[in-house]
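Note that the protein sequences, when read in sequence, are chains A and B. Under our numbering, the first residue of the first sequence carries the number 80, and numbering increases by one thereafter. Under our numbering, the first residue of the second sequence carries the number 1008, and numbering increases by one thereafter. All residues carry an ideal CB built from backbone N, CA and C; glycine is no exception. To keep things clear, I will list the structure first and then write my remarks on it.
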Amino acid sequence: EAQVTQNPRYLITVTGKKLTVTCSQNMNHEYMSWYRQDPGLGLRQIYYSMNVEVTDKGDVPEGYKVSRKEKRNFPLILESPSPNQTSLYFCASSSTQAGGRGYTFGSGTRLTVV
Amino acid sequence: AQSVTQPDIHITVSEGASLELRCNYSYGATPYLFWYVQSPGQGLQLLLKYFSGDTLVQGIKGFEAEFKRSQSSFNLRKPSVHWSDAAEYFCAVGAAAWGGKLIFGQGTTLQVKP
């Protein structure tokens, strides 16, 4: 089954404790992206990757890091989480052929930083 | 700058009534257009998409949307709403020049009254 898998689904952590949210897709998509969703703000892009070893900042990259060492994986790293990073996070992937055909989303990771 | 606007943050309709959710975009050329639905606690599911051709597109769950170039709009409609349609709906825009990137609106929360 074609899918984007995120882990964990829920995470509670303390301020300053480094964490990684994993994302993996099995569709051989070139494009992968991380979004955060906050009430009233919709989905805002954090980082994206056009292909292996090609990443770039989205609209709200502060406090986050990503890497793309393999085509299927695109982890999101919070080196020193803060309470304002409490949010619902989504990973998404897309083919870049012909401008893309829309995202396939992961199920989301609800992160709480206390 | 490119943007997507969903003017209605919250809409309440009675079960069986018709529904229209509005979406306006700002982009210089004809974009790719999408509607996603997010049920409570769930990820985002693609309802329908427009790339070219017939400006009235059919999607899943009985939804349709009409692209109106002159109004830069892509409104979502359903003739008769069911209680299970209660969810948050997101309009999104993509473009060939953007690779796989999508820009999302702020979302519209649909409440269905029995």
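Any non-hydrogen atom of the ligand PLP within 6 Å of residue i CB
i, result
"residue 1115 (chain B)", "This structure lacks the ligand PLP; in fact it carries no ligand of any kind."
Environment of residue i [buried if 16+ CB atoms lie within 10 Å]
i, result
"residue 135 (chain A)", "exposed"
"residue 1095 (chain B)", "buried"
"residue 112 (chain A)", "buried"
"residue 1090 (chain B)", "exposed"
"residue 1110 (chain B)", "buried"
"residue 1108 (chain B)", "buried"
Identified DSSP bridge partners for residue i
i, result
"residue 1087 (chain B)", "BP columns for residue 1087 (chain B) are empty, so no partner."
"residue 111 (chain A)", "A:128, A:172"
"residue 1101 (chain B)", "B:1039, B:1109"
"residue 117 (chain A)", "A:121"
"residue 972 (chain B)", "There is no way to answer for residue 972 (chain B), as the model of chain B reaches only from 1008 to 1121."
Contact list for residue i against chain B, beta-carbon separation under 9 Å
i, result
"residue 186 (chain A)", "1049, 1050"
Where residue i falls: helix, strand or coil (DSSP)
i, result
"residue 1050 (chain B)", "coil"
"residue 123 (chain A)", "strand"
"residue 1092 (chain B)", "helix"
"residue 164 (chain A)", "helix"
Proximal chain A residues relative to residue i, where beta-carbon distance stays under 7 Å
i, result
"residue 1056 (chain B)", "181"
Closer than 8 Å at the beta carbon, the chain A residues around residue i
i, result
"residue 1023 (chain B)", "Per Cβ cutoff of 8 Å: no residues; residue 1023 (chain B) is ~29 Å from chain A at best."
"residue 1097 (chain B)", "121, 122"
"residue 1113 (chain B)", "119, 120, 121"
Chain-ordered neighbours of residue i on chain C, where CB pairs are closer than 8 Å
i, result
"residue 1118 (chain B)", "Among the chains of the structure shown, chain C does not appear; the protein chains present are A and B."
Exercise for review: Return the residues of the region 138 to 158 of chain A that lie within a Cβ-Cβ distance of less than 8 Å from chain B, sorted by chain order.
Suggested key: none
Point to revise | chain B contacts made by the region 81 to 101 of chain A, where a contact means CB separation under 9 Å | key: 83, 85
Check your understanding: Between the region 1058 to 1077 of chain B and chain A, which residues of the former have CB atoms less than 7 Å from a CB of the latter, in chain order?
Key -> none
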